[in-house]
Amino acid sequence: MTLSNGAPSPSRSALTASTALKVSGIPNVVPEVIQRSVGASVFKPPSRITVETHVRAGIFLKGTELEKCYDGPLVNGLRHGHGTYEYPNRFFKYSGEYVNGKKHGKGTLSMADGSTYEGDFDEEEITGKGKRTWPDGSTYVGDFLNGERTGKGAHTDAEGNVFEGVFFENSREGHGRMTYSNGDVLEVNWESNQPNGLGVYETPQGDKYEGDWIEGERTGVGRYDGANGDYYEGEWVADEYYGMGIRHISASGMTHECMFVEGEVKYLPLALQMDKISVIKDGKDGNEETEIPQPLQIMAGKPVAGFDEQRHVTISVRMAPP
36 MTLSNGAPSP
46 SRSALTASTA
56 LKVSGIPNVV
66 PEVIQRSVGA
76 SVFKPPSRIT
86 VETHVRAGIF
96 LKGTELEKCY
106 DGPLVNGLRH
116 GHGTYEYPNR
126 FFKYSGEYVN
136 GKKHGKGTLS
146 MADGSTYEGD
156 FDEEEITGKG
166 KRTWPDGSTY
176 VGDFLNGERT
186 GKGAHTDAEG
196 NVFEGVFFEN
206 SREGHGRMTY
216 SNGDVLEVNW
226 ESNQPNGLGV
236 YETPQGDKYE
246 GDWIEGERTG
256 VGRYDGANGD
266 YYEGEWVADE
276 YYGMGIRHIS
286 ASGMTHECMF
296 VEGEVKYLPL
306 ALQMDKISVI
316 KDGKDGNEET
326 EIPQPLQIMA
336 GKPVAGFDEQ
346 RHVTISVRMA
356 PP
């Protein structure tokens with residue numbers, strides 16, 4: 036809990052069995068010490084003396100000391116109603132509603148570094164719905180609990196990236212959607228501010244990845260579809276093709292299934308799928324070329340000649356005459 040003078044709150048056990056209040060403000064009267072036991076009935080100061088009490092915190096503002104910090108109505112010596120309180124440390128300033136000496140209701144908390152909070156307060160705590168701004172221009176609008184972003188909300192950072200989803204203690208936790216400043220969109224489960232689980236990443240150009248994420252990277256099983264017609268479906272590690280997968284390259288028309296390491300083919304493909312294949316046979320009357328219609332799958336270990344990098348891959352297989 037934040038105290039009106041910025042000091043930490045001592046626990047109830049730290050308080051002595053009795054609390055001493057020095058009351059002053061009446062001219063020509065020697066200050067007296069009023070003793071009362073913790074847990075006893077609420078102390079009511081004499082009507083002619085202005086006293087701000089907070090037994091739990093051990094803070095007592097009196098007379099002109101209170102007048103310097105607070106501008107607003109008092110009821111029984113407590114801030115009550117709409118008022119403005121400037122903390123003695125001059126870093127915080129609160130303007131809003133009070134109930135029985137505590138910030139409660141709608142209010143605005145301003146800080147000397149330029150950051151602000153505007154929204155709900157619940158018995159001194161920032162709890163409810165509100166808006167938080169920072170000096171770098173980033174903002175958060177949504178749910179708060181005990182001063183922290185907890186619940187549903189939208190955070191916009193200084194670069195213009197916008198996250199909409201679930202927060203827990205200021206961290207992205209649960210389902211959420213990140214819209215990046217370049218237009219890319221990632222919708223995924225989040226843990227400790229990182230994408231973690233099944234998700235979809237799309238770009239304005241038409242590229243798309245759908246699959247597993249671990250600690251912010253594409254790791255697991257997923258499918259990538261490029262705007263140019265390329266695709267890969269299989270295993271990933273740290274944003275790279277890594278493991279068994281099927282890759283199609285639209286420029287060459289080739290689709291193959293094989294082992295990948297760091298995005299590169301490392302082992303003999305299990306199979307090749309070609310757009311076109313020509314078989315040349317040595318006949319009695321000369322060579323005969325026959326085009327075999329697609330699809331034709333050539334399995335690993337079978338005789339395969341070289342191929343070019345044109346739109347249609349041509350594989351020539353020479354067959355002996357019968």
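Taking the working numbering, the leading residue of the sequence shown gets 36, the next gets one more, and so forth.
Think of the CB as a built atom: it goes at the ideal place given N, C-alpha and C, for glycine as much as any other residue.
Nothing here was measured: the structure is a model prediction, and the numbers come from that model.
Spatial distance of residue i from residue j (CA atoms)
i: Val220; j: Leu144; result: 33 Å
i: Gly136; j: Pro108; result: 10 Å
i: Glu226; j: Arg253; result: 14 Å
i: Val235; j: Arg282; result: 19 Å
i: Val201; j: Asp157; result: 21 Å
i: Asp260; j: Asp171; result: 37 Å
i: Arg258; j: Gly246; result: 6 Å
i: His390; j: Lys141; result: The chain is shown only over 36 to 357; residue 390 falls outside these bounds and no answer can be derived.
i: Phe126; j: Ser150; result: 11 Å
i: Val223; j: Asn196; result: 15 Å
i: Met289; j: Glu275; result: 20 Å
i: Tyr266; j: Phe198; result: 28 Å
i: Gly241; j: Gly218; result: 11 Å
i: Glu270; j: Pro239; result: 25 Å
i: His117; j: Asn124; result: 21 Å
i: Tyr105; j: Phe179; result: 26 Å
i: Phe295; j: Asn205; result: 39 Å
i: Ile284; j: Gly209; result: 36 Å
i: Gly280; j: Leu233; result: 18 Å
i: Gly255; j: Ile161; result: 40 Å
i: Tyr133; j: Lys166; result: 19 Å
i: Glu299; j: Cys293; result: 10 Å
i: Gly131; j: Gly251; result: 41 Å
i: Val110; j: Ser216; result: 51 Å
i: Leu113; j: Glu237; result: 56 Å
i: Ala273; j: Thr191; result: 26 Å
Collapsed DSSP secondary structure at residue i in the structure displayed
i: Asp265; result: coil
i: Glu275; result: strand
i: Phe78; result: In this predicted model, Phe78 has a pLDDT of only 46, less than 50, meaning its place in the structure is not dependable enough to derive any value.
i: Lys97; result: Residue placement at Lys97 is poorly supported in this model, since its pLDDT is 49, which falls under 50; the coordinates still yield a value, given next. Strand.
Among the options, the one whose alpha carbon lies nearest that of residue i
i: Gly211; options: Gly195, Glu194, Gly186; result: Gly186
i: Thr168; options: Asp155, Leu180, Glu159, Ala193; result: Ala193
i: Glu121; options: Gly112, Tyr175, Gly209, Ala147; result: Ala147
i: Asn228; options: Met213, His139, Gly298; result: Met213
i: Gly182; options: Lys138, Thr191, Asn124, Asn111; result: Lys138
i: Ile249; options: Asn231, Val272, Ala262; result: Asn231
i: Ala286; options: Asp106, Ala262, Thr191, Tyr133; result: Ala262
i: Thr174; options: Thr119, Tyr152, Ala273; result: Tyr152
i: Tyr129; options: Glu159, His291, Leu113, Glu268; result: Glu159
i: Arg207; options: Ser216, Tyr215, Gly188; result: Gly188
Rounded distance between the beta-carbons of residue j and residue i, thought under 8 Å
i: Gly163; j: Gly177; result: The pair is not a contact, with the Cβ atoms about 10 Å apart (cut-off 8 Å).
Requested in this report: Mind listing, in chain order, the continuous beta strand (DSSP E) runs of no fewer than 3 residues lying wholly within the region 222–259?
Outcome: 229–237, 243–249
Every unbroken beta strand (DSSP E) within the region 118–150, with a cutoff of 3 residues, ordered by chain: 127–134, 137–146
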